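Working notes for the structure below.
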Amino acid sequence: EAGVAQSPRYKIIEKRQSVAFWCNPISGHATLYWYQQILGQGPKLLIQFQNNGVVDDSQLPKDRFSAERLKGVDSTLKIQPAKLEDSAVYLCASSLLSSGSSTDTQYFGPGTRLTVL
Amino acid sequence: AQSVTQLDSQVPVFEEAPVELRCNYSSSVSVYLFWYVQYPNQGLQLLLKYLSGSTLVESINGFEAEFNKSQTSFHLRKPSVHISDTAEYFCAVIFSGGYNKLIFGAGTRLAVHP
Numbered sequence: 053e054a055g056v057a058q059s060p061r062y063k064i065i066e067k068r069q070s071v072a073f074w075c076n077p078i079s080g081h082a083t084l085y086w087y088q089q090i091l092g093q094g095p096k097l098l099i100q101f102q103n104n105g106v107v108d109d110s111q112l113p114k115d116r117f118s119a120e121r122l123k124g125v126d127s128t129l130k131i132q133p134a135k136l137e138d139s140a141v142y143l144c145a146s147s148l149l150s151s152g153s154s155t156d157t158q159y160f161g162p163g164t165r166l167t168v169l
Numbered sequence: 020a021q022s023v024t025q026l027d028s029q030v031p032v033f034e035e036a037p038v039e040l041r042c043n044y045s046s047s048v049s050v051y052l053f054w055y056v057q058y059p060n061q062g063l064q065l066l067l068k069y070l071s072g073s074t075l076v077e078s079i080n081g082f083e084a085e086f087n088k089s090q091t092s093f094h095l096r097k098p099s100v101h102i103s104d105t106a107e108y109f110c111a112v113i114f115s116g117g118y119n120k121l122i123f124g125a126g127t128r129l130a131v132h133p
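For the record, the sequence lines run as chains W and A.
Its first residue numbered 53, the first sequence is counted upward by one per residue in the numbering used here.
Its first residue numbered 20, the second sequence is counted upward by one per residue in the numbering used here.
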C-alpha cells in the first residue's frame with residue numbers, strides 16, 4: 053500500500069513570495085490533515101478535511117494561508133505572502149474513517165521543508 | 020488548558036542500556052494517547068497507542084508505555100536500546116471531543132551511543 057505522498061520535499065523562497073505544497077493521501081482515506089512543524093517543536097494542526105469539507109481550521113492563519121481539497125482526494129496548501137516565521141516542515145497526514153473517530157490512526161507523509169529567506 | 024509536555028528535549032544513552040522518555044498531559048476530559056517516532060529524513064510513524072483497556076501497551080520493536088491516569092502520564096520505556104532506536108520521539112494526545120485532533124509534545128531526541 054502506497055503511503056502519503058507530498059511534494060516538493062524542499063523549497064526555498066524569499067519573504068513575500070508565494071508557495072504551494074501538494075499532498076496525495078492514502079487511497080480511500082476520507083480525512084486529510086495539514087500540520088506545521090517548526091524546528092524544536094511538535095507538529096501543530098493547521099487544517100483538517102473530511103472528504104472535501106473543512107472540519108477544523110482554527111489554527112490556520114487565514115490572512116496568508118489557504119488550503120483546498122477538491123474532489124475529496126488530493127490537497128494543496130498555499131502561503132501568500134510568506135513570512136520568515138513560516139519556515140518549517142509542513143506535514144500532511146490521512147486517516148481512513150469518515151466518521152471522525154478519535155481512535156482512527158493518522159498516517160504521515162515525509163513532509164515539505166520550507167525555508168523563507 | 021489542554022496541553023502535552025515532554026520533559027526532556029534530549030536523552031543520550033549507551034547501547035543496551037534502559038531508557039525512559041517522559042510525557043505528561045493536562046486535561047479535564049478523557050484522553051487517547053500516542054507515541055510517534057521520526058527517524059532521520061523520514062516521516063512520523065505510529066509507535067504505539069492507548070485507547071482503552073489495559074494501561075500497558077507495547078510496540079513490535081520492544082517499546083512499551085503505561086497510561087497512569089492519576090499522574091496524567093504516558094511514559095515510554097525500553098529495557099535495552101539499540102543504535103537503530105536513535106530518532107525523535109513525539110508524545111501526542113487526542114482529548115475527548117477533539118474529533119481526532121492530535122496535540123503533540125515538543126519531542127525528545129533519543130541518541131543511542133555505542
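Where a beta carbon is used, it is the ideal one built from N, C-alpha and C, also for glycine.
The model shown is predicted, which means the values in this text are computed figures rather than measured ones.
The secondary-structure analysis by DSSP pairs E85(A) across a beta bridge with L75(A) and H94(A). If you ignore the 5 residues before and after Y44(A), its C-beta comes within less than 6 angstroms of the C-beta of V23, T91 and V112, all in its own chain and listed in chain order. A direct Cα-Cα distance of roughly 25 angstroms separates T105(A) from Y51(A).
With fewer than 16 other CB atoms across the displayed protein chains lying within 10 angstroms of its CB, G80(W) is exposed. Classified as exposed, D115(W) has fewer than 16 neighbouring CB atoms from the shown chains inside 10 Å of its CB. Under the 7 angstroms criterion on CB atoms, K120(A) is classed as interfacial with respect to chain W.
Looking only at S115(A), N80(A), Q21(A) and Q57(A), the smallest Cα-Cα distance to R128(A) is reached by Q57(A). Contact between the segment 99-106 of chain W and the segment 71-87 of chain W is established, with three or more Cβ pairs separated by less than 8 angstroms. Straight-line measurement puts the Cα of P98(A) at about 18 angstroms from the Cα of F86(A). In the DSSP secondary-structure assignment, N43(A) is bridged to T24(A) and S92(A). Along the segment 58-104 of chain W, the alpha helix (DSSP H) does not occur as any fully enclosed run of 4 or more residues. Among the residues facing chain W, F109(A) is included, as its CB has a counterpart in that chain under 7 angstroms away. Cβ atoms of I78(W) and A54(W) come within 8 angstroms of each other, at about 7 angstroms. Contact between L65(A) and T157(W) holds: their C-beta atoms lie close to 6 angstroms from each other, under 8 angstroms. When C-beta distances to chain A are compared with 9 angstroms, the residues of the segment 67-87 of chain W below that value are T83, Y85 and Y87, in chain order. Where S146(W) is concerned, the enclosing beta strand (DSSP E) starts and stops at A140 to S147.
Between R68(W) and I79(A), the alpha-carbon positions lie close to 46 angstroms from each other.
DSSP places E107(A) inside the beta strand (DSSP E), whose first and last residues are A106 to F114. Proximity to C42(A) across G94(W), S59(W) and I131(W) peaks at G94(W), based on C-alpha coordinates.
For L166(W), the enclosing beta strand (DSSP E) stretches over residues T164 to V168. Pairing N104(W) with R165(W), the inter-Cα distance amounts to about 25 angstroms. Taking a C-beta distance under 7 angstroms as the contact criterion, N76(W) and D126(W) qualify as a contact pair. Taking C-beta separations shorter than 6 angstroms and ignoring five residues to either side along the sequence, the partners of A125(A) in its chain run Q25, following chain order. Counting along the chain, no beta strand (DSSP E) covers A54(W), and no H or E run does either.
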